[in-house]
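*Asks:*
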Amino acid sequence: MKKRCVGSTALEITEVSFGGAAVGGLYRACPREAAMQTLQVAWDTGLRYFDTAPFYGFGLSERRFGDFLRDKPRDSYVLSTKVGRLFRPVPEDQVPDHSYVDPLPFALDYDYSYDGIMRSVEFSYARLGLNRIDILFVHDIGVYTHGVEKTKLHFRQLMDGGLKALEQLKSSKVISAYGLGVNEVQICLD
Numbered sequence: 000m001k002k003r004c005v006g007s008t009a010l011e012i013t014e015v016s017f018g019g020a021a022v023g024g025l026y027r028a029c030p031r032e033a034a035m036q037t038l039q040v041a042w043d044t045g046l047r048y049f050d051t052a053p054f055y056g057f058g059l060s061e062r063r064f065g066d067f068l069r070d071k072p073r074d075s076y077v078l079s080t081k082v083g084r085l086f087r088p089v090p091e092d093q094v095p096d097h098s099y100v101d102p103l104p105f106a107l108d109y110d111y112s113y114d115g116i117m118r119s120v121e122f123s124y125a126r127l128g129l130n131r132i133d134i135l136f137v138h139d140i141g142v143y144t145h146g147v148e149k150t151k152l153h154f155r156q157l158m159d160g161g162l163k164a165l166e167q168l169k170s171s172k173v174i175s176a177y178g179l180g181v182n183e184v185q186i187c188l189d
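Mapping the sequence shown onto numbering that gives the first Met the number 0, position 53 (from 1) lands on 52, and the numbers just tick up by one.
1. Classify Arg69: buried if its beta carbon has 16 or more other beta carbons within 10 angstroms, exposed otherwise.
2. Can the beta-carbon of Tyr26 be found closer than 8 Å to that of Phe49?
3. Would the stretch 121 to 139 and the stretch 91 to 99 be scored as touching if the rule is three or more Cβ pairs under 8 Å?
4. Between Tyr99 and Phe57, is the Cβ-Cβ spacing less than 8 Å?
5. Given a cut-off of 8 Å, decide if Ile134 and Ala106 are closer than it, judged by their beta-carbon atoms.
6. How many Å lie between Glu166 and Asp108 at the Cα?
7. Take Ala9 and list the residues in its own chain whose beta-carbon comes closer than 8 Å to its own, dropping the five residues that flank it on each side.
8. If I measure Cβ to Cβ from Gln39 and keep anything under 8 Å in the same chain, skipping five residues before and after, which residues do I get?
9. Below 6 Å CB to CB, which residues in the same chain sit around Gly45 once its five sequence neighbours on both sides are set aside?
10. Rounded to a whole number of angstroms, what is the C-alpha to C-alpha distance between Gln36 and Asp159?
11. Going by the beta-carbon positions, is the gap between Val22 and Arg63 smaller than 8 Å?
12. Quick one: which unbroken beta strand (DSSP E) runs of 3-plus residues sit fully inside the stretch 60 to 127? Chain order, please.
13. I believe Leu129 touches Leu168 by the beta-carbon criterion, under 8 Å. Please report the beta-carbon distance rounded to the nearest angstrom.
14. I need the DSSP call for Tyr143, collapsed to helix, strand or coil.
15. Exposed or buried, Pro53, counting other C-beta atoms within 10 Å across all chains shown (16 or more means buried)?
16. How many Å lie between Thr51 and Gly180 at the Cα?
17. Could you give the C-beta distance for Gly83 and Ile140, rounded to a whole number, given that I count them as a contact under 8 Å?
18. Tell me the DSSP secondary structure of Arg131 in three-state form.
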C-alpha cells in the first residue's frame with residue numbers, strides 16, 4: 000500500500016487509514032470479537048495508519064486498538080489519537096448520548112488547556128497500553144461542536160496553554176506530530 004510522509008516529520012502513513020469510531024460503537028454496537036476481526040482484516044490488507052480518539056466509545060476504541068496493536072512490531076504502524084475531552088465515571092444510566100452504542104460508563108468534559116492536554120495524553124496511554132503515540136490531534140475544537148461563544152473560550156485555552164503542551168510533548172519525543180482533527184474548515188483558518 001502506498002505511503003506518504005507526514006509534513007516534515009519522519010513518519011510515513013499509508014494513504015488509507017483505519018478510523019476507530021465504528022469499533023467504539025458509533026451508531027451501532029460493535030462486539031469485541033467483530034472489532035478485532037475487522038482490525039485484523041485492515042492489517043492483512045496492508046493498512047498501517049490507525050486513528051482513534053478517547054471520544055470513540057468513551058475510551059472503548061482506544062482500548063480495542065491497544066489490545067490489537069500490542070503484539071505488532073511498534074515501528075510497523077503509525078498511531079494517532081486525540082485530545083480535548085476528559086472523562087469522569089458516571090452511573091450507566093447517566094452516560095450521555097453521543098450516538099455511541101454501549102460506550103464505557105463515562106461523561107465528558109472539554110478541556111483544551113495545558114493541563115487538560117497533558118492529562119488526556121496520560122489517560123490515552125493508559126487505555127491504549129502502548130508505549131508510543133505518534134500523532135495527537137486536537138479534537139472537535141470548533142463551532143460545529145461548541146457553538147460560537149464556547150469555541151472562543153476553548154480556542155483561547157488552546158492558544159494560552161494547550162499549544163505549549165503539544166510543543167512540549169513533541170520536543171520531548173512523546174509524540175512526533177500534532178494537528179487538528181475537526182469536521183469544519185473555519186477553525187483551521189483561525
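Quick reminder that beta carbons are idealized off the backbone N, C-alpha and C, glycines included.
The model shown is predicted, which means the values in this text are computed figures rather than measured ones.
*Replies:* Reading it off the structure:
1. Taking the first residue of the sequence shown as position 1, residue 69 is located at position 70. Per the 10 Å Cβ criterion, exposed.
2. Stepping through the sequence shown from its first residue, residue 26 is reached at position 27. Stepping through the sequence shown from its first residue, residue 49 is reached at position 50. No, the pair does not count as a contact, with Cβ atoms beyond the cut-off.
3. no
4. The residue you call residue 99 lines up with position 100 of the sequence shown. The residue you call residue 57 lines up with position 58 of the sequence shown. Contact: yes.
5. Counting from 1 along the sequence shown, the entry for residue 106 is found at position 107. Counting from 1 along the sequence shown, the entry for residue 134 is found at position 135. Contact flag unset, no.
6. In the sequence shown, residue 166 corresponds to position 167, counting from 1. In the sequence shown, residue 108 corresponds to position 109, counting from 1. In a straight line, the C-alpha of Glu166 is about 23 Å away from that of Asp108.
7. The sequence position of residue 9 within the sequence shown is 10, counting from 1. The answer, listed in chain order, is Ser175.
8. Locating residue 39 in the sequence shown gives position 40, where the first residue counts as 1. These residues qualify, in order along the chain: Phe67.
9. Position 46 of the sequence shown, counted from the start, is the residue given in the question as residue 45. Contacts found: Met0.
10. Mapped onto the sequence shown, residue 36 falls at position 37. Mapped onto the sequence shown, residue 159 falls at position 160. Cα-Cα distance, rounded: 42 Å.
11. In the sequence shown, the residue the question calls residue 22 occupies position 23. In the sequence shown, the residue the question calls residue 63 occupies position 64. Yes. Within cutoff.
12. 77 to 82, 84 to 88 and 105 to 109
13. Here residue 129 refers to the residue found at position 130 of the sequence shown. Here residue 168 refers to the residue found at position 169 of the sequence shown. Actually they are not in contact, since the Cβ atoms of Leu129 and Leu168 sit about 15 Å apart, beyond 8 Å.
14. Residue 143 sits at position 144 when you count from the first residue of the sequence shown. Helix at Tyr143.
15. As a working mapping, residue 53 is identified with position 54 in the sequence shown. Flag for Pro53 reads buried.
16. Position 52 of the sequence shown, counted from the first residue, corresponds to residue 51. Position 181 of the sequence shown, counted from the first residue, corresponds to residue 180. Approximately 11 Å, taken between the alpha carbons.
17. For this step, residue 83 is matched to residue 84 along the sequence shown. For this step, residue 140 is matched to residue 141 along the sequence shown. At roughly 6 Å, the Cβ-Cβ gap stays under 8 Å, so Gly83 and Ile140 are in contact.
18. Walking along the sequence shown from the start, residue 131 turns up at place 132. Coil, per DSSP.
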